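Asks: Protein chains in written order, with this note's numbering: chain L, 15 to 217; chain E, 15 to 217; chain P, 15 to 217; chain F, 15 to 217.
4 protein chains.
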Amino acid sequence: MITSSTTTTIGRPRDARTDRAILAASLELIAEVGIHDFRMDDVAERARVGKSAIYRRYRSKDELVGATVAALVSEIDVADTGDTREDIVALMNGAVDVYTDPIRAAVMPSLVGAMQRRPELARTIREGFLTGRRDALREVLTRGIARGDLAADLDMELALDVLGGPLFYRLLITGGPINRELAEGVADLVMRGFADTMKEKAA
Amino acid sequence: MITSSTTTTIGRPRDARTDRAILAASLELIAEVGIHDFRMDDVAERARVGKSAIYRRYRSKDELVGATVAALVSEIDVADTGDTREDIVALMNGAVDVYTDPIRAAVMPSLVGAMQRRPELARTIREGFLTGRRDALREVLTRGIARGDLAADLDMELALDVLGGPLFYRLLITGGPINRELAEGVADLVMRGFADTMKEKAA
Amino acid sequence: MITSSTTTTIGRPRDARTDRAILAASLELIAEVGIHDFRMDDVAERARVGKSAIYRRYRSKDELVGATVAALVSEIDVADTGDTREDIVALMNGAVDVYTDPIRAAVMPSLVGAMQRRPELARTIREGFLTGRRDALREVLTRGIARGDLAADLDMELALDVLGGPLFYRLLITGGPINRELAEGVADLVMRGFADTMKEKAA
Amino acid sequence: MITSSTTTTIGRPRDARTDRAILAASLELIAEVGIHDFRMDDVAERARVGKSAIYRRYRSKDELVGATVAALVSEIDVADTGDTREDIVALMNGAVDVYTDPIRAAVMPSLVGAMQRRPELARTIREGFLTGRRDALREVLTRGIARGDLAADLDMELALDVLGGPLFYRLLITGGPINRELAEGVADLVMRGFADTMKEKAA
DNA sequence: TAATAACCGAGACGGTACGTCTCGTCTTAGG
DNA sequence: CCTAAGACGAGACGTACCGTCTCGGTTATTA
């Protein structure tokens, strides 16, 4: 999406209703027919908008898809229950909920393909879908270390990938179930696998 | 791919050189321009072959892509060193090697997208890239359980997803490094996280 | 139009029915809706043909229009009645008939505009609509000189333009009537204006 | 062009500099890129004017083109040398001069096409380019008849078309030369072809 | 002086045709 | 029946241009 850096509005400003109509039509259509049968002309017709209004905002179909999906990003609230495992499970359940939603689940695989050839889309997606939750998890893990629940020398990136990887693996490739059992399974695994061994030995 | 059920060859037999030329051209082009700019006409031209020769062998573009990629599958040898961790690491390193190869790495994201709308492509890919290694890992884990290195009640599917997930997660989404450190990291995590607690307590 | 110079037909040959369907649809549509509302997509639909089949034959809309109109060219038969005036009138009446046809009359002005920016269209039109009749008139005038009806030193190009100009002038600009009176009028004028003065004086 | 019927100017009056800037830009652009690549947006940009300022003055592109070209019309002075042929030649030379100007020559063919679908443009053009000279020629011819140089029963419309037709014929269709030779050629032809035969016989 | 009305530049808007592209199929002549 | 070459129908793509509309603001006349 193109965003003006200056606030100075010269000429007729973009119509916010058009903005919304385009994204709404786009989301509806993606949900209804899937990415593969998603057509720009249909978006224009559904949104009662000229194609030019779309292409003025998004340089290409992929860009529109990216923006449409990015709009689905939901807020993440980092719980702090005092229990490291519970905090991890809470965040993982949030992710499970996101990819249980049929639209997001249907859209994700297509986005993966598009990310390769559109670096800026990749950035958008990563920031919209990953960074937030990843940062939240990092915070929780760090608190877990401080609390003595987790080893101080754990490979943080690996831990985050072990938490997030299986979910996407099932979503994109194996087709395995994405549910609370998964969320708790990886949480428990991380808790056990990265447990503070010093503490254990001390005990 | 279409394979004749009868061995009886009536009329002119298919030219094996044409078979090879098509797959070779296909692989070259995918590597050069990426899946997105991969065109059937280009394959025909590069292979010095008519388009009909391609469509006689593969019903669609996706099918050709699937076959091309499937041809990249390498043999998996299930080591049995007697050491569960070493066996896991060996298999994981095999996977790391596969996705370190630029072609396979470049092709995978596109395949993920295509898998959604082409169930048979999905099956081909899963069988070509996953099943073999997954079965091998399952075998190794089962031996680990028998050997008392791993808990008898471990969630096998979860364990396999924890081993495979992070690799694909980095490949497809985060862009994180895919190397021996990752292989060993997830192996160690599984070894620790799914350790046979009975044995530990006994010790 | 693109015409292969070699007779060697390799690959699937152009379908002559497609050729005809395109030109027929084009002519029908021009006649029905006029040049201004003439659309390539409509031609494709009417001809039950893909747009690519059209663009394979004609590089642009202008080119198709040109070819469509060129197909309207009618045969010119150079009469030789022995009477110079009658021969001229016969040829002029042929031209009058052509531009009395509503389709040709409606199409001509648009072609004039297109001729400026499409030299090869210009050539096509000139050859299709002018050269033949012009050559025929030249022949008749030459015979008239030989016969002593016309001055030997007449400016042939001027004579031809005086014969043809008024017709196009009325067609394209003044909107004046195009009829036998005009044909006879210019014929008589040329007969009188370019009469062999030597002969007159001799008489 | 829209002209207020009331002289009462309410609100801000039109800026005369804007009027001029639009016409100037329009003329420049037509001369530079030709009618076919002439865009309203370009006019606005070149004239440093909003598109609305243009459309407030001219209802359409064709209308602007018409007005731009009409501004090129030059004054016609009907000479009265006492010599019919000289008067005709003088007027014809004026026309030759007009269409020797590259801009007018380049613009005319496009106008012909536009005239068909824009009757009021047609009127503008006819009045701007034809009526004046046609009236002048008619006057000269009428004087020629009175003077006995031309036949009283000549077909005036035909005579006028024979004078004007060849020029436009060459301009629009044949591409033949437009020069004094042409002017004199048609003048002489009309003088001879429509000569007063009564007078001749009398002589 | 304030209100009103039409002007101004900039640029977004809906609409629509264009010419391009690719897919998967079909049609030749020839091996 | 295979092959290469390439035409075919279908239909989405992204671009271009038109003529209209909307914004914030300006410049005159009228109240």
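Every residue gets a Cβ at the ideal spot worked out from N, C-alpha and C, and that includes glycine.
As the structure is a prediction and not an experimental result, all values here were calculated from the model.
(1) Grab me the residues of F:Gly179's own chain with a C-beta within less than 7 Å of its C-beta, minus the 5 sequence neighbours each way, in chain order.
(2) In the DSSP assignment, what are the bridge partners of L:Leu164?
(3) Does the CB of E:Ser124 have a neighbour CB from chain L at under 8 Å?
(4) Which parts of the region 76-118 of chain P are runs of the alpha helix (DSSP H), unbroken and 4 residues or longer, counting only runs that do not cross its ends?
(5) Can you have a look at E:Pro176 and say buried or exposed, based on whether 16 or more other CB atoms are within 10 angstroms of its CB?
(6) Identify whether E:Pro180 lies in helix, strand or coil by the three-state DSSP scheme.
(7) Buried or exposed, going by whether 16 or more other CB atoms sit within 10 Å of the CB of L:Ile24?
(8) Helix or strand or just coil, what does DSSP make of F:Ile139?
(9) What residue range does the alpha helix (DSSP H) around E:Ile44 cover?
(10) Using a threshold of 8 Å, state whether the C-beta atoms of P:Ile36 and P:Arg71 are closer than that.
(11) Could you tell me whether the Cβ atoms of F:Met106 and F:Ala166 are closer together than 8 Å?
(12) Can you tell me which of the three DSSP states P:Arg26 falls into?
(13) Mind listing which residues of the region 178-192 of chain P have their C-beta closer than 9 Å to chain F's C-betas, in chain order?
(14) Check the Cβ-Cβ distances between P:Met172 and every residue of chain F, and say whether any is below 8 Å.
(15) Looking only at its chain, what residues have a beta carbon closer than 7 Å to the beta carbon of F:Val126, apart from the 5 residues adjacent to it on each side?
(16) P:Leu155 to P:Leu181, Cα distance in whole Å?
(17) Express the C-alpha separation of F:Glu42 and L:Thr32 in angstroms, rounding to a whole number.
(18) Give me the Cα-Cα distance between E:Gly158 and L:Val200, rounded to the nearest whole angstrom.
(19) For chain F, check one thing: does any of its Cβ atoms lie closer than 8 Å to the Cβ of P:Met129?
(20) Output yes or no for whether 8 Å exceeds the beta carbon distance between E:Val79 and E:Ala128.
(21) Under 8 Å by Cβ, that's how I've got F:Ala39 and F:Ala61 pegged, so tell me the actual separation to the nearest angstrom.
(22) Does E:Arg206 come within less than 8 Å of chain L when only Cβ atoms are used?
(23) Which chain F residues sit within Cβ distance under 7 Å of P:Gly199?
(24) Mind checking if P:Leu164 is an interface residue toward chain F, Cβ cutoff 8 Å exclusive?
(25) Rounded to whole angstroms, what is the Cα-Cα separation between E:Met205 and E:Leu164?
(26) Specify the secondary structure class of L:Gly189 as computed by DSSP and reduced to three states.
(27) For E:Thr145, count the other beta carbons within 10 Å of its own beta carbon; 16 or more makes it buried, fewer makes it exposed. Which is it?
(28) From F:Thr98, F:Ala85, F:Ala93 and F:Thr82, pick the residue whose C-alpha is nearest to that of F:Ala160; which is it?
(29) If you reduce the DSSP assignment to three classes, tell me which class P:Arg71 lands in.
(30) Does the separation of the CB atoms of P:Arg131 and F:Gly48 fall below 8 Å?
(31) Using a Cβ cut-off of 9 Å, pull out every chain F residue sitting near P:Asp175, in sequence order please.
(32) Hey, L:Gly207 and E:Gly207 are a contact pair by Cβ (cut 8 Å); roughly how many whole angstroms apart?
(33) So that I know if they touch, is there some Cβ in chain F lying closer than 8 Å to that of P:Leu144?
(34) On the DSSP letters alone, give me the boundaries of the alpha helix (DSSP H) that F:Asp56 sits inside.
(35) Between the region 24-51 of chain E and chain L, which residues of the former have a C-beta closer than 9 Å to a C-beta of the latter?
Replies: Once the coordinates are examined:
(1) none
(2) L:Ala209
(3) yes
(4) 98-114
(5) Note on identity: in this sequence residue 176 of chain E is Val, with Pro being the wrong assignment. It counts as buried.
(6) helix
(7) exposed
(8) helix
(9) Ala30 to Val47
(10) yes
(11) no
(12) coil
(13) Gly178, Gly179, Pro180, Leu181, Phe182, Tyr183, Arg184, Leu186, Ile187, Thr188, Gly189, Gly190 and Pro191
(14) First, the residue type needs correcting, since residue 172 of chain P is Leu and not Met in the sequence shown. Yes, because at least one Cβ of chain F sits closer than 8 Å to the Cβ of P:Leu172.
(15) Leu186
(16) 18 Å
(17) 37 Å
(18) 20 Å
(19) yes
(20) yes
(21) 4 Å
(22) yes
(23) Asp169 and Leu172
(24) no
(25) 7 Å
(26) coil
(27) exposed
(28) F:Thr98
(29) helix
(30) yes
(31) Gly179, Pro180, Leu181, Tyr183, Arg184, Thr188, Gly190, Leu196, Gly199 and Val200
(32) 3 Å
(33) yes
(34) Met54 to Ala61
(35) Gly48, Ile49, His50 and Asp51
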